[in-house]
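The next block holds one structure in the form of structure tokens; read it before the comments.
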Amino acid sequence: MEAQELLGLARKSLPLAYAPYSGYHVAAALLTEAGEVFTGVNVENSSYGLSICAERAAVAAAVGAGQRKFTRLAVVTEGDAPPLPCGACRQVLAEFAPNLHIIVASREEEGQSYLLAELLPHAFVLRAK
Ligand SMILES: [Zn+2]
0 MEAQELLGLA RKSLPLAYAP YSGYHVAAAL LTEAGEVFTG VNVENSSYGL
50 SICAERAAVA AAVGAGQRKF TRLAVVTEGD APPLPCGACR QVLAEFAPNL
100 HIIVASREEE GQSYLLAELL PHAFVLRAK
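Mapped onto numbering that gives the first Met the number 0, the consecutive letters of the sequence shown carry residue numbers 0 to 128.
And the structure:
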């Protein structure tokens with residue numbers, strides 16, 4: 000699947016974002032190695048620390064459906080700046096896809112792409128038992 004198509008799927012989910020406190024809507028579309036796409040949106044909470052980012056929501060949806068191998072992630076926002084994943088999301092993405100390609104797009108800027116390894120060069124790693 001091409002990056003633009005994945006961005007389109009993320010954009011389609013954007014109206015579903017729940018961001019009544021910040022007004023900052025974000026949506027993500029995560030492509031699995033098998034070609035399936037899982038989307039997620041940010042879900043804020045009145046207890047701010049409980050809010051979850053779109054990227055982690057997409058990962059949780061995919062893992063809950065039995066998918067753990069990801070190749071590409073698209074993240075979109077209506078904001079001005081490209082929605083680069085936060086540090087927590089970078090670490091969660093690195094758990095499953097250290098070689099992930101990430102493409103981000105805002106209202107102003109279209110489709111900048113990065114490798115997760117360049118956004119999180121020394122991810123924490125603990126060997127699973
Ligand atoms: Zn995040």
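For every residue, glycine included, the Cβ atom is placed at its ideal position computed from N, Cα and C. Please read these numbers as outputs of a predicted model, since none were measured by experiment.
Counting C-beta atoms within 10 angstroms of its own C-beta, ASN44 has fewer than 16 neighbours from the protein chains shown and is therefore classed as exposed. Around the beta carbon of GLY39, 16 or more other beta carbons lie within 10 angstroms, which makes this residue buried.
Under the three-state reduction of DSSP, ALA26 is assigned to strand.
Within the same chain, VAL75 come within 6 Å of ARG10 by CB-CB distance, once the 5 residues on both sides are set aside. Remark: C-beta atoms of LEU83 and LEU115 do not approach each other more closely than 7 Å. Along the length of the region 79–105, whole beta strand (DSSP E) runs at least 3 residues long occupy 100–104, reported in chain order. In terms of side-chain proximity, the C-beta atom of ALA18 is found no nearer than 6 Å to any non-hydrogen atom of ligand 1.
The closest CA to that of GLY65, considering only ASP79, PHE37, GLY22, is found on PHE37.
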